[in-house]
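Below: the structure, in C-alpha cells.
Numbering (our numbering), first residue to last: 2 to 411.
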C-alpha cells in the first residue's frame with residue numbers, strides 16, 4: 002500500500018453535488034488501496050462540520066477556507082498576467098507550503114489532482130506519477146457561458162475560455178495522465194491536444210444503485226398530484242439556474258396547456274434569487290435544500306435536464322435513471338452518456354420538442370418495462386467499483402519508472 006496525495010478544489014464530503022460525488026467516491030475507494038493525504042478548499046461554511054469525517058479515509062488533511070468575494074478579487078490579478086482567472090482564484094500560500102512539505106517529507110508514490118485549478122500545486126514535483134482528473138473541459142464551458150452572456154461578462158467569459166484552454170493544454174503535456182468524465186469529453190480534449198492523445202482517458206462517474214433504489218416506499222414529500230416533473234442540482238450553479246429558467250420560461254407553459262395539473266419541482270441547495278422567483282409561476286415549486294432527493298424522484302413521472310450549458314456527464318441523469326425514472330434532456334445534457342440510453346431518455350433541442358416529450362411522459366400509461374430498462378441501463382454501465390479500478394490503474398506507474406517532465410508555468 003503506497004502513499005497518495007489527493008488535491009481537490011472543494012472538500013469532497015458530503016457527496017451532495019456533482020463534483021463532490023465523483024471526488025468522494027475516488028477518496029473512499031482509493032483509501033482502501035493507498036494511504037491518502039488530502040488537501041482541499043472549503044467554500045461553504047457548513048462544510049467545516051464534516052472535517053472530522055475525513056479522518057476515516059485520510060492520514061493527513063489540510064482544509065483551507067476560500068471566501069468567494071476575496072477569491073474573486075484575487076482573480077483580478079490574473080488579468081495583468083494574462084493568466085486564467087480560475088487558477089488565481091484557488092492560489093493559496095499555505096496550501097502550497099503544505100504540499101511542498103508533504104512531497105519532501107513523505108514517500109508519496111502518486112498524486113491525484115481533482116480539477117485543473119489544483120494542478121499548479123504539484124507542477125514542481127515531477128518525480129512522482131501525476132494524474133489530473135479534469136472531469137470536464139472547463140474552458141469550453143466558459144465559452145458556452147460567453148455565448149449566453151451580455152457585455153461586459155461576455156468578454157470576461159470569452160477571455161477565461163481562451164486563457165484556460167491554453168492552461169489545460171500545458172497541463173496535459175505535463176501530467177502523466179489526463180482523465181475526463183466521458184468518452185465524448187475525452188475525444189473533445191484530444192482534438193485540443195492531439196500530441197497527448199495517448200495520455201487522455203475517459204473514466205465515467207458511477208451511481209450508488211444501492212442508495213438510489215426505487216423499491217422502498219418513500220413518503221410523498223410534496224403536495225400530491227401525479228403529474229410531477231423534477232429537476233435536481235445545486236441551485237446556485239449557473240448552468241442549473243440557466244436550465245430551470247429556460248424550462249419555466251419556454252417549456253413549462255406549453256406543458257401546462259395540455260396537462261394543467263403538471264407541477265415542476267426544483268430540488269436543490271442554495272437557490273439563487275432568480276431561482277426562487279420562479280416559484281411565482283403557477284405549478285412551480287422551489288424546495289431549497291432537502292435531506293433526501295430520492296422521494297422527489299420516486300413521486301415524479303419524469304425528470305428533466307434542460308441544460309443549455311453543459312460538459313461531461315450529468316449525475317442528475319444517472320440518479321434519476323437509477324430510480325427508474327425517465328429523463329427528458331437537451332443534447333448538451335445527453336452528450337456524455339454512453340450508448341443505449343434511447344428509449345429510457347428523450348433528447349429534445351427546442352422548446353416545442355422538449356414540451357412534447359414531457360407531455361408524452363406525463364400522459365402515457367405507466368411503463369413498468371421502461372422503468373426497469375432505465376435502471377438496468379445505469380446498473381450495467383455506471384458501477385463505481387469498475388470506474389475506480391480504471392482510475393487506480395492510471396495511478397500505478399507502468400514500467401521501471403516515470404520520466405520526469407519539465408516545469409511549466411500557468
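Where a beta carbon is used, it is the ideal one built from N, C-alpha and C, also for glycine. Since this is a predicted model, take the numbers as computed values, not measurements.
If you check the beta carbons only, do residue i and residue j fall under 8 Å apart?
i, j, result
"residue 355", "residue 307", "yes"
"residue 60", "residue 36", "yes"
"residue 183", "residue 314", "yes"
"residue 388", "residue 206", "yes"
"residue 246", "residue 268", "no"
"residue 190", "residue 138", "yes"
"residue 87", "residue 186", "no"
"residue 9", "residue 116", "yes"
"residue 392", "residue 143", "no"
"residue 376", "residue 325", "yes"
"residue 123", "residue 130", "no"
"residue 178", "residue 395", "yes"
"residue 278", "residue 286", "no"
"residue 140", "residue 106", "no"
"residue 18", "residue 235", "yes"
"residue 49", "residue 32", "no"
"residue 364", "residue 242", "no"
"residue 91", "residue 118", "yes"
"residue 357", "residue 334", "no"
Ordered along the chain, which non-local residues of its own chain (more than five positions away) have a Cβ less than 6 Å from that of residue i?
i, result
"residue 180", "134, 202, 204"
"residue 237", "271, 273"
"residue 7", "37, 39, 113"
"residue 215", "324, 325"
"residue 30", "389"
"residue 16", "22, 25"
"residue 62", "39, 55"
Assuming the contact rule is C-beta atoms closer than 8 Å, residue i and residue j should be a hit. Round their C-beta distance to whole Å, please.
i, j, result
"residue 64", "residue 98", "Not confirmed; about 14 Å, so no contact."
"residue 327", "residue 345", "6 Å"
"residue 331", "residue 309", "6 Å"
"residue 197", "residue 171", "Wrong, their Cβ atoms sit about 10 Å apart, outside the cutoff."
"residue 239", "residue 146", "7 Å"
"residue 359", "residue 276", "Residue 359 to residue 276, Cβ: 19 Å. No contact."
"residue 89", "residue 79", "4 Å"
"residue 83", "residue 164", "7 Å"
"residue 158", "residue 150", "6 Å"
"residue 136", "residue 20", "7 Å"
Report all residues from its chain with a CB closer than 7 Å to the CB of residue i; omit the five preceding and five following residues, and keep chain order.
i, result
"residue 108", "4"
"residue 208", "319, 320, 323, 379, 383"
"residue 66", "43"
"residue 350", "331, 332"
"residue 295", "213, 219, 324"
"residue 54", "14"
"residue 69", "44"
"residue 316", "19, 22, 206"
In chain order, what residues of the same chain have a beta carbon less than 8 Å from the beta carbon of residue i, not counting five sequence neighbours either side?
i, result
"residue 362", "302, 303, 327, 329, 347"
"residue 374", "344, 345"
"residue 257", "263, 283, 284"
"residue 300", "219, 221, 222, 223, 229"
"residue 100", "6, 8, 40, 122, 123, 126"
"residue 51", "12, 14, 15"
"residue 338", "183, 314, 318, 346"
Based on DSSP bridge pairs, tell me the residues matched to residue i.
i, result
"residue 9", "41, 115"
"residue 203", "181"
"residue 1", "Given a span of 2 to 411 for the chain in the structure shown, any question on residue 1 remains unanswerable."
"residue 256", "BP columns for residue 256 are empty, so no partner."
"residue 109", "4"
"residue 394", "Per DSSP, none; premise fails for residue 394."
"residue 359", "Answer by DSSP bridge pairing: none, since residue 359 is not bridged."
"residue 36", "4"
"residue 131", "112"
Quick one: is the Cβ of residue i within less than 7 Å of any heavy atom of the ligand GDP?
i, result
"residue 101", "Of the ligands one can find in the structure shown there are none, so the ligand GDP has no counterpart to examine."
Mind checking if residue i is an interface residue toward chain D, Cβ cutoff 8 Å exclusive?
i, result
"residue 53", "The structure shown contains no chain D; it is built from a single protein chain."
**Item:** Contained alpha helix (DSSP H) runs [length at least 4] in the segment 59-103, N- to C-terminal order
**Value:** 69-82, 86-90
**Item:** Entirely enclosed beta strand (DSSP E) segments - the segment 133-157, minimum 3 residues
**Value:** none
**Message:** Going residue by residue through the segment 274-355, where are the continuous beta strand (DSSP E) segments of at least 3 residues, counting only ones entirely within it?
**Reply:** 285-289, 303-306, 328-330, 346-348
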